[in-house]
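A.B. asks:
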Amino acid sequence: MAMRLTGINSGLDTESIIQELVAVRQTKVDNAKKEQTKLEWKQKAWKDLNSKLKSFQNKFVSNMRLSSDYAKKKTNVSNSSVANVITGENAVNCVQSLRVERLAKTAYLTGGKLEGSEAGSLNALTKLSDITGSTVEGDGTITLTTGKGSSAKTVDIAVNADTTISDVLTQLKNNGLNASFDEEQGRLFVSAKASGEASDFTLTSNDENGLAALSALKLTEDADAKKVGGTNAKIWLNDAEFTSSTNVFKINGLTITALQQTKAGEEVTLTTENDTSGIYDMIKNLFKEYNEIINEMDKLYNAKDGKKYEPLTEEEKYAMSEKEVEDWENKVKESLLYRDENLSEISSTLKNVMMSGFQVNGKMMYLSDFGINTLGYFGAPDNERNAYHIDGDADDENTSTATDKLRAMISNDPDTVVGFFSQLSQSLYDKMFDLSKSVDGYRSYGNFYDDKKLATDYSGYNSKIADLEEKLFAYEDKWYAKFAAMETAMAKMQSNSNAVTSMLGGL
Numbered sequence: 157m158a159m160r161l162t163g164i165n166s167g168l169d170t171e172s173i174i175q176e177l178v179a180v181r182q183t184k185v186d187n188a189k190k191e192q193t194k195l196e197w198k199q200k201a202w203k204d205l206n207s208k209l210k211s212f213q214n215k216f217v218s219n220m221r222l223s224s225d226y227a228k229k230k231t232n233v234s235n236s237s238v239a240n241v242i243t244g245e246n247a248v249n250c251v252q253s254l255r256v257e258r259l260a261k262t263a264y265l266t267g268g269k270l271e272g273s274e275a276g277s278l279n280a281l282t283k284l285s286d287i288t289g290s291t292v293e294g295d296g297t298i299t300l301t302t303g304k305g306s307s308a309k310t311v312d313i314a315v316n317a318d319t320t321i322s323d324v325l326t327q328l329k330n331n332g333l334n335a336s337f338d339e340e341q342g343r344l345f346v347s348a349k350a351s352g353e354a355s356d357f358t359l360t361s362n363d364e365n366g367l368a369a370l371s372a373l374k375l376t377e378d379a380d381a382k383k384v385g386g387t388n389a390k391i392w393l394n395d396a397e398f399t400s401s402t403n404v405f406k407i408n409g410l411t412i413t414a415l416q417q418t419k420a421g422e423e424v425t426l427t428t429e430n431d432t433s434g435i436y437d438m439i440k441n442l443f444k445e446y447n448e449i450i451n452e453m454d455k456l457y458n459a460k461d462g463k464k465y466e467p468l469t470e471e472e473k474y475a476m477s478e479k480e481v482e483d484w485e486n487k488v489k490e491s492l493l494y495r496d497e498n499l500s501e502i503s504s505t506l507k508n509v510m511m512s513g514f515q516v517n518g519k520m521m522y523l524s525d526f527g528i529n530t531l532g533y534f535g536a537p538d539n540e541r542n543a544y545h546i547d548g549d550a551d552d553e554n555t556s557t558a559t560d561k562l563r564a565m566i567s568n569d570p571d572t573v574v575g576f577f578s579q580l581s582q583s584l585y586d587k588m589f590d591l592s593k594s595v596d597g598y599r600s601y602g603n604f605y606d607d608k609k610l611a612t613d614y615s616g617y618n619s620k621i622a623d624l625e626e627k628l629f630a631y632e633d634k635w636y637a638k639f640a641a642m643e644t645a646m647a648k649m650q651s652n653s654n655a656v657t658s659m660l661g662g663l
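Quick note, the sequence shown lines up with residues 157 to 663 if you use the working numbering.
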C-alpha cells in the first residue's frame with residue numbers, strides 16, 4: 157500500500173474526513189459480508205436438520221414399512237444357566253424341550269515339568285540334547301495327527317540332538333496348533349485352535365529318537381503329561397440328537413448356545429413367542445425420534461424475528477465482551493429459519509401424515525385408537541404441541557399413569573397394530589421421499605432443503621463483495637487524490653508567498 161501523507165500544509169485531518177466520506181460505501185461492503193455470514197450459518201442450520209431428517213427416514217421410517225419388519229420373536233429359557241437362545245425371524249412359536257448331554261471341548265496338552273528346569277536354566281533356545289535326562293542322539297521324527305477317522309491328517313516333525321525347544325514349537329504352530337514354553341513352570345503347553353473332535357490332535361513317534369524327544373519334552377503319558385481330548389457338543393432338542401464342534405447350534409430359526417450340561421433327568425423348556433416388547437419399543441422409538449425433530453422444527457419456525465440482529469464486524473466484536481458476542485450471534489442463529497417456507501412445508505407434511513387415518517380390516521383407524529395423542533394446545537409447552545405421547549409409557553411423566561392401550565393391543569391383536577403402523581410408516585416414507593427429490597439448480601437428491609441454491613447464493617456474495625470493495629477502494633483513492641492535489645496547490649501558494657515576502661524584505 158502506498159504511503160499517504162495528508163494535511164501537512166492545510167492542517168486538516170484529511171484521513172478522518174475521507175473515512176467519513178467513504179463510510180456509506182464501507183457500510184455496503186459490511187452489509188454484504190453480514191448477509192453472506194448469515195447465509196453460511198443458515199447452510200449449517202439446514203445441514204444439521206437435514207441429517208436428523210435423513211436419520212429418522214433411514215433408521216425408523218424405512219425399517220417399519222413392511223409387515224415382516226414387525227416379526228419380532230423371543231425365546232424364554234426355563235434355566236438360563238444351561239443355555240441362551242437368540243430367536244430369528246423364521247422361528248416358530250412353540251414350546252420345546254432341551255437337554256445338554258455334553259459341551260464341546262478344545263484339545264489341550266499340558267506337558268510334564270522338564271528335568272533341570274528347576275534351576276531356571278532352560279529356555280526356548282535350549283537344545284533337546286541339553287535337557288537333563290535327554291537320550292536324543294541322532295535323527296528322528298515326531299508324528300502329529302490332527303482330526304479323527306477318515307479326515308485325520310498326519311505330519312512328521314524332524315528332530316535331532318541340535319533341535320531346540322523353539323524349533324519344535326514353531327513346527328507345531330506351523331501345523332495348526334497353539335504351542336508355548338513357560339520357562340518359570342518348565343512346561344510345554346499345546347492346544348488346538350478350535351474346539352471339537354475335528355480339531356483333536358495326538359503326538360506320537362515310531363522311532364527311537366522321536367520317542368526320546370517326546371520324553372525329554374515331557375509330552376508322553378508316562379512323563380506326567382495331561383491330555384484333554386477335543387470333543388463335540390451334543391444336545392437333544394425334542395428328543396432329536398444334534399452335535400456341533402462348538403457349543404453353538406443353529407436349528408430352525410433358533411441359535412442355541414449350550415452353557416452347561418443338564419442334570420440327570422432334567423429338561424429345559426424353550427418357549428418361543430411374539431416379542432410384544434420388541435414391537436412396542438420400535439413404535440416408541442419412532443415417536444421419540446419424531447418428537448425431537450418436530451419440536452426442533454417448530455422452535456426454529458416460531459423463533460423470534462431476528463431482523464434487528466445481524467452478524468458483527470470485527471470492529472463491532474472488538475467493542476464487546478466474548479459473552480456479549482456469543483449471546484448476540486446466538487440470537488442471529490436462532491432466527492435464521494424464522495417463518496421459513498421450506499421448513500413449513502416439511503413440518504406440515506409430517507404432521508398431516510401423523511393425523512391421517514388408515515384402513516385396517518375395513519375400519520378407519522387413527523393414532524388415538526392406539527392410545528397415542530398430543531397433549532393438546534393448552535397441555536403442552538410451547539413448540540411441543542405437535543409431539544405425540546403414548547398412554548402408559550413409564551418414561552413419560554405426562555401419560556405414565558394412563559392405561560397402556562398400545563401394549564395391550566400388541567399382545568391381543570398384533571395384526572391390527574402391524575397393519576396400521578406399516579401403512580403409517582409407508583406414508584411417511586413416500587412423503588419424505590418426495591420432499592427430498594432433486595430439483596435442478598436448487599436441490600440435490602436426498603436432501604430436504606435447497607442446498608444447491610444456497611451454495612450458489614453464497615458464491616454469488618463473493619463476487620458482490622469483491623465488486624463493492626473494488627468500488628470502495630476506487631472511491632477512497634479518488635478522495636485521497638483530490639486532497640493530495642489540494643495540498644500540492646497550497647504548498648505552491650505557500651512557496652510563492654514566501655518568495656514575495658523575501659523580495660519585499662530585501663528592498
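Each residue gets a CB set at the ideal place from its N, CA and C atoms; glycine is no exception. Note that the structure is predicted; figures quoted are calculated from it, not measured.
Exposed or buried, what is Gly276 when buried is set at 16 or more other beta-carbons lying within 10 Å of its beta-carbon?
C.D. replies: Burial call: exposed.
A.B. asks: For Asp607 and Tyr598, what's the separation of their Cα atoms in angstroms?
C.D. replies: Distance between the alpha carbons of Asp607 and Tyr598 is about 7 Å.
A.B. asks: Specify, as a first and last residue, the run of the beta strand (DSSP E) that Ala396 falls within.
C.D. replies: Here the beta strand (DSSP E) through Ala396 covers 396-400.
A.B. asks: Restricting to Cα atoms, I'd like to know which of Ala611, Leu209, Ala263, Glu423 is closest to Ala239.
C.D. replies: Residue Glu423 is the option with its Cα nearest to Ala239.
A.B. asks: What does the Cβ neighbour count give for Asp204, buried or exposed, with the cut at 16 atoms within 10 Å?
C.D. replies: With fewer than 16 Cβ atoms within 10 Å of its Cβ, Asp204 is classed as exposed.
A.B. asks: Tell me the rounded alpha-carbon separation between Gly268 and Ser433.
C.D. replies: The alpha-carbon atoms of Gly268 and Ser433 are separated by roughly 55 Å.
A.B. asks: Would you check if there are 3 or more beta carbon pairs closer than 8 Å linking the region 384-399 to the region 325-341?
C.D. replies: With a cut-off of 8 Å, the region 325-341 and the region 384-399 do not count as touching, because too few Cβ pairs lie within range.
A.B. asks: Compare the Cα-Cα distances from Asn568 to each of Leu584, Tyr436, Lys189 and report the closest residue.
C.D. replies: Among Leu584, Tyr436, Lys189, the Cα nearest to that of Asn568 belongs to Tyr436.
A.B. asks: Using only the alpha-carbon positions, how far apart do Ser237 and Glu501 sit?
C.D. replies: C-alpha separation (whole angstroms): 55 Å.
A.B. asks: With three or more C-beta pairs closer than 8 Å as the rule, is the region 222-231 touching the region 362-377?
C.D. replies: No, the region 362-377 is not in contact with the region 222-231.
A.B. asks: Looking only at C-alpha atoms, which of Thr402, Thr376, Gly409, Phe357 sits nearest to Gly385?
C.D. replies: Answer by Cα proximity: Phe357.
A.B. asks: If I measure Cβ to Cβ from Asn498 and keep anything under 7 Å in the same chain, skipping five residues before and after, which residues do I get?
C.D. replies: Closer than 7 Å at the Cβ level, and outside the excluded window around Asn498, lie Tyr605, Asp606.
A.B. asks: What is the rounded straight-line gap between the Cα of Thr376 and the Cα of Lys349?
C.D. replies: If you take the alpha carbons of Thr376 and Lys349, they lie about 21 Å apart.
A.B. asks: Do Val311 and Gly296 have their C-beta atoms within less than 8 Å of each other?
C.D. replies: Contact: no.
A.B. asks: I'd like to confirm the pairing. Which residues does DSSP put opposite Glu429 in its beta bridges?
C.D. replies: The partner list for Glu429 (beta bridge, DSSP) reads Lys230.
A.B. asks: For the putative contact between Thr320 and Thr282, defined by C-beta atoms under 8 Å, what is the C-beta separation to the nearest angstrom?
C.D. replies: With a Cβ gap of about 6 Å, Thr320 and Thr282 count as contacting.
A.B. asks: Quick test of the definition: if touching needs 3 or more C-beta pairs under 8 Å, does the region 507-524 touch the region 480-496?
C.D. replies: Touching, no, given that fewer than three Cβ pairs across the two stretches are closer than 8 Å.
A.B. asks: DSSP beta-bridge partners for Asp338?
C.D. replies: According to DSSP, which records beta bridges pairwise, Asp338 is partnered with Arg343.
A.B. asks: For the candidate residues Ser211, Leu254, Ala630, whose alpha-carbon lies nearest to that of Ala420?
C.D. replies: Taking only the C-alpha atoms, the option nearest Ala420 is Leu254.
A.B. asks: Which residue marks the beginning of the alpha helix (DSSP H) containing Tyr474, and which one marks its end?
C.D. replies: 470-474 is the extent of the alpha helix (DSSP H) around Tyr474.
A.B. asks: Nearest-angstrom Cα distance between Ala379 and Val346?
C.D. replies: So the alpha carbons of these two residues sit roughly 15 Å apart.
A.B. asks: Please state whether the Cβ-Cβ distance between Gly244 and Gly462 is less than 8 Å.
C.D. replies: Not a contact, by the Cβ cut-off of 8 Å.
A.B. asks: Beta-carbon within less than 7 Å of Lys383's beta-carbon, same chain only, minus the 5 sequence neighbours each way: which residues are those?
C.D. replies: Closer than 7 Å at Cβ, skipping near neighbours: Leu265.
A.B. asks: Would you give the residue range spanned by the alpha helix (DSSP H) that Ala372 belongs to?
C.D. replies: It spans 364-372 - the alpha helix (DSSP H) in which Ala372 sits, taken as one unbroken run.
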